[in-house]
Ligand SMILES: Cc1cc2nc3c(=O)[nH]c(=O)nc-3n(C[C@H](O)[C@H](O)[C@H](O)COP(=O)(O)OP(=O)(O)OC[C@H]3O[C@@H](n4cnc5c(N)ncnc54)[C@H](O)[C@@H]3O)c2cc1C
C-alpha cells in the first residue's frame, strides 16, 4: 500500500489550488449579483484553459485533460473550496457523452471540451426524481426521426447550455433513451427559473418540450440504453461530489480555526474552549476519514474493478462525505456566531451550498438503498475490503 501523493498528483493538486485561487475573487460578485458577467465568465474560461484543467474527465486526444478518476478527485477536492458553485465554471462534460458517435463528438463533445459549447443533463421531472423510471417525456417516431414531448425540471446550467441531454421514452414500447437536443430547436421553452437555497453561478431552469423534432442522429448511445448511460454518469459524479464536499469542509474548518484563534470572549480565546475544541476535533476526524475513503475508491475505479461494487462504493463515499461535510460547515458557522450567518462569510455560503449535495445525483436515502441492495445481493465482502489490485 502506498498513500503518498505521487509527484504527478502533487503537481495537479497545486495546479487546481492555483486555479481555485484565481476564481475565488469572483465569489462576492457572484453572490451579490446572482451570477457573473460575460466578461467574468470569459476570464475564468481563459484561466481554466491556461491551467489545463478543462474537461478533466475527457481524453487528451479530444482536447480534454485526460485525468484518471483519482486525479479528478484530487482536482475536485481543491475546486470544492469555491463558493457559489464556481467549481462548475471549470467545465466537465457529462460522462455519458463518451457514447457519442464520431459525428456527434465533432458537433457536441469536442466543442464542449474546449469550452465553446455547454451541455446540461435533463432527466428529472415533476413526478420522476429518485425514480427516473417514472418519466413521462416521450420520443415518438416520425419518419426516421423523433418528436419529443414532455417537461424537465432542475436542469443545472440550463441557462447557458446550448444543448440538452434529454432522457425520454421511445414509443411505442417505452425504451428509455438519451437524446442530444440543441436548445434552440423549435418547441423548446423555459417554463420557470426558480430560486434555490444556494446562489449558484448558473441557474436550474425547467424546460418544456412541445413537438420538438430531432433526427435519428440525436440518439445518444443506443435506443433503450438511457438508464445505463444515466447510471454511468452517476457513479463517477458521486465520487466527485464526495471530493468537492470534503474540500469545501476543509475551507470552512480552516476559516473557523483562524477565527477561533483570534476571537476572545469571556476572557479567553475560543480555541481554548473545550466545546469549540470538540467541534474542531470532530471536523478534523470527518474530513480526514472521508478524504482517505474517497481517494481509496477513486483509486479502485482506476484499477478497473467490478462496476456494481464500485457503484455501491461511490454511493458510500458520497453519502458519508456529503453528510459529514454538512455537519462540519454547520459547526464552523456556529464557531463564527452571528458573523457565520452573514452572506459575506464564505462559511455561510458553504453551509447553504452543501445542502444540495445530500439531494442531487441521488439523495442520501437513495445512496443507502444502493448500498443496502448491494449488500443483500452480493454480500459485504467487496464493500468492506480493499481491492486486491
Ligand atoms: C439544485 C438542484 C440541481 C439539480 N440538477 C439536476 C440536473 O442538472 N439534471 C437533472 O436531471 N436533475 C437535477 N436535479 C434533480 C435531483 O437529481 C433530484 O432532486 C433528486 O434526484 C431527488 O428527486 P426529487 O427532488 O424528485 O425528490 P423525490 O424523489 O420525490 O424524493 C423526496 C424524498 O423522498 C425520499 N425517497 C424517494 N424515494 C425513496 C425510497 N425509495 N425510499 C426512501 N426514501 C425515498 C428522497 O430521498 C427524498 O428525501 C437537481 C436538483 C437540485 C435541487
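Residue numbers (the UniProt record's numbering): 1 to 389.
Glycine is no exception: its CB is placed at the ideal position from the N, C-alpha and C atoms.
Residue 359 CB to nearest heavy atom of ligand 2 below 7 angstroms: Because ligand 2 does not appear in the structure shown, any question about it cannot be addressed here, the ligands present being ligand 1.
Neighbourhood of residue 321 by C-beta distance below 7 angstroms, restricted to the same chain and skipping five residues each side: Start at 1 with the first residue of the chain shown, and residue 321 comes out as number 321. So the qualifying residues of the chain are 242, 245, 246, 290, 294.
Residue 120 beta carbon less than 8 angstroms from that of residue 469: There is no way to answer for residue 469, as the model of the chain reaches only from 1 to 389.
Delimiting residues of the beta strand (DSSP E) encompassing residue 149: What you label residue 149 is simply residue 149 of the chain shown in a count that begins at 1. 145–152 is the extent of the beta strand (DSSP E) around residue 149.
Contact test: residue 375 Cβ vs ligand 1 heavy atom, cutoff 7 angstroms: Against the chain shown, residue 375 aligns to sequence position 375. No, the Cβ of residue 375 stays beyond 7 angstroms of every heavy atom of ligand 1.
DSSP-derived helix/strand/coil call for residue 268: On the chain shown, position 268 is the one that residue 268 refers to. Strand at residue 268.
Residue from 261, 61, 76, 341 whose Cα sits closest to the Cα of residue 114: Position 114 of the chain shown, counted from the start, is the residue given in the question as residue 114. For the residues 261, 61, 76, 341, the minimum Cα distance to residue 114 belongs to 61.
Collapsed DSSP secondary structure at residue 279 in the structure displayed: Here residue 279 refers to the residue found at position 279 when the chain shown is read from its first residue. Helix at residue 279.
Residue 137 - DSSP class collapsed to helix/strand/coil: As a first step, residue 137 is located in the chain shown; it is residue number 137 there, counting from the start. Looking at residue 137 - three-state DSSP - the assignment turns out to be coil, as it is neither helix nor strand.
Distance cut-off 7 angstroms: residue 289 Cβ against heavy atoms of ligand 1: For this step, residue 289 is matched to residue 289 along the chain shown. Answer for residue 289: no, Cβ out of range of ligand 1.
When 118, 147, 346 are compared against residue 202, the one with the closest alpha-carbon: Reading the chain shown from its first residue, position 202 is the one you call residue 202. Ranking the options by Cα distance to residue 202, first place goes to 118.
Cβ-based burial, residue 391 [other Cβ within 10 Å; buried from 16]: Coverage of the chain is limited to positions 1 through 389, which leaves residue 391 absent and any answer about it impossible.
Spatial neighbours of residue 347 in its chain, beta-carbon cut-off 7 angstroms, leaving aside the 5 residues before and after: Position 347 of the chain shown, counted from the start, is the residue given in the question as residue 347. Counting only Cβ-Cβ distances below 7 angstroms, and skipping sequence neighbours, we find 252, 255, 256, 329, 332, 333, 336, 340.
Any non-hydrogen atom of ligand 1 within 7 angstroms of residue 129 CB: Along the chain shown, one-based indexing puts residue 129 at 129. Checking every heavy atom of ligand 1 against the Cβ of residue 129, one is found closer than 7 angstroms.
Same chain, Cβ closer than 7 angstroms to residue 34, neighbours up to 5 away in sequence not counted: Translated into positions along the chain shown, residue 34 becomes position 34. Contacts found: 199.
Rounded straight-line distance, which links the Cα of residue 84 to that of residue 1: Translated into the one-based positions of the chain shown, residue 1 becomes position 1. Translated into the one-based positions of the chain shown, residue 84 becomes position 84. C-alpha separation (whole angstroms): 37 angstroms.
Check: residue 202 C-beta below 7 angstroms from any heavy atom of ligand 1: One-based indexing of the chain shown puts residue 202 at position 202. Result no, Cβ not under 7 angstroms from ligand 1.
Rounded separation between residue 176 and residue 82 - CA only: Start at 1 with the first residue of the chain shown, and residue 176 comes out as number 176. Start at 1 with the first residue of the chain shown, and residue 82 comes out as number 82. Taking the straight line joining both Cα atoms gives about 36 angstroms.
Beta carbon of residue 96 nearer than 8 angstroms to that of residue 232: Position 96 of the chain shown holds residue 96. Position 232 of the chain shown holds residue 232. Yes. Within cutoff.
Run of the beta strand (DSSP E) containing residue 169, from where it starts to where it stops: On the chain shown, position 169 is the one that residue 169 refers to. Looking at the DSSP string, the run of the beta strand (DSSP E) that includes residue 169 is 163–170.
Delimiting residues of the beta strand (DSSP E) encompassing residue 179: As a working mapping, residue 179 is identified with position 179 in the chain shown. Per DSSP, residue 179 belongs to the beta strand (DSSP E) from 175–182.
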